[in-house]
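J.: Residue numbers (full-length UniProt numbering): 1 to 203.
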Ligand SMILES: [Zn+2]
């Protein structure tokens, strides 16, 4: 009798285990597809920056219910403002919208790994989760160049997910820099054609 009960218990626990695993997988799939959806929105915003001649980076801030409460794209050149990175613009928009300088229980999506300034702003605004696409080996503060969140002694931990739509995010940036290099080369060639003496040695 006892062994029949034990077998039943094992069957029940096994079924429960597989149901839990399946539910977890479904939840993870939903999270991944939501992350990709938001990163796609950030990529769309990055195009707005590029159209203005800015480095194409976009950012989206989402509340705990999954609503977008802030959006931003690079505007440093246009606004003559060194702090106008996509993340800062998105945080400012969101804080204005909810009339609170703390952005608790929010997730920030950004196409490029944040710099130290933006990592500082993420920390100060108490953002719960950071999701980024491409890594930035020159100035990235979330593991590529600096380890801001690990080095900084803080009570507030930020959950980090990297590499979401990484290829799309990286390709957008490399295409932009490639295009910019070609434009500069062309400008130089045009200047030489118009002023050939620029290239001739001094007499
Ligand atoms: Zn930044």
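We treat Cβ as the ideally placed atom computed from N, Cα and C, and that holds for glycine.
Would residue 118 pass as a contact of residue 156 if the rule is Cβ separation under 8 angstroms?
T.: Looking up residue 118 in the chain shown gives position 118. Looking up residue 156 in the chain shown gives position 156. No, these two residues do not count as a Cβ contact at 8 angstroms.
J.: Determine the direct distance from the alpha carbon of residue 130 to that of residue 203, and round the result to whole angstroms.
T.: Reading the chain shown from its first residue, position 203 is the one you call residue 203. Reading the chain shown from its first residue, position 130 is the one you call residue 130. Because residue 203 carries a pLDDT of 43, less than 50, the predicted location of this residue cannot be relied on, and the following value inherits that uncertainty. Those two C-alpha atoms are separated by around 60 angstroms.
J.: Going along the chain, which residues put their C-beta within less than 7 angstroms of some heavy atom in ligand 1?
T.: Spelled out in chain order, the answer is 85, 87, 88, 114, 115, 117 and 118.
J.: Under 6 angstroms Cβ to Cβ from residue 35, same chain only, skipping five residues before and after it: list those, please.
T.: As a first step, residue 35 is located in the chain shown; it is residue number 35 there, counting from the start. Closer than 6 angstroms at Cβ, skipping near neighbours: 131 and 164.
J.: Grouping DSSP H, G and I as helix and E and B as strand, with all else coil, what is residue 116?
T.: The residue you call residue 116 lines up with position 116 of the chain shown. It is helical.
J.: Give me, in chain order, the residues of the same chain whose beta-carbon lies closer than 7 angstroms to that of residue 170; leave out the 5 immediate sequence neighbours on both sides.
T.: For this step, residue 170 is matched to residue 170 along the chain shown. Correct list, in chain order: 134.
J.: By the 10 Å Cβ neighbour count, where 16 or more other Cβ atoms means buried, how is residue 38 classified, buried or exposed?
T.: Here residue 38 is taken as the residue at index 38 of the chain shown, counted from 1. Counting Cβ neighbours within 10 Å, residue 38 comes out buried, since at least 16 surround it.
J.: Straight-line CA distance for residue 225 to residue 66?
T.: What the structure shows of the chain is the stretch from 1 to 203, and residue 225 is not part of that stretch, so it cannot be assessed.
J.: Going by CA-CA distance only, name the one from 104, 58, 99 and 8 that's closest to residue 159.
T.: Locating residue 159 in the chain shown gives position 159, where the first residue counts as 1. Nearest option by C-alpha distance: 104.
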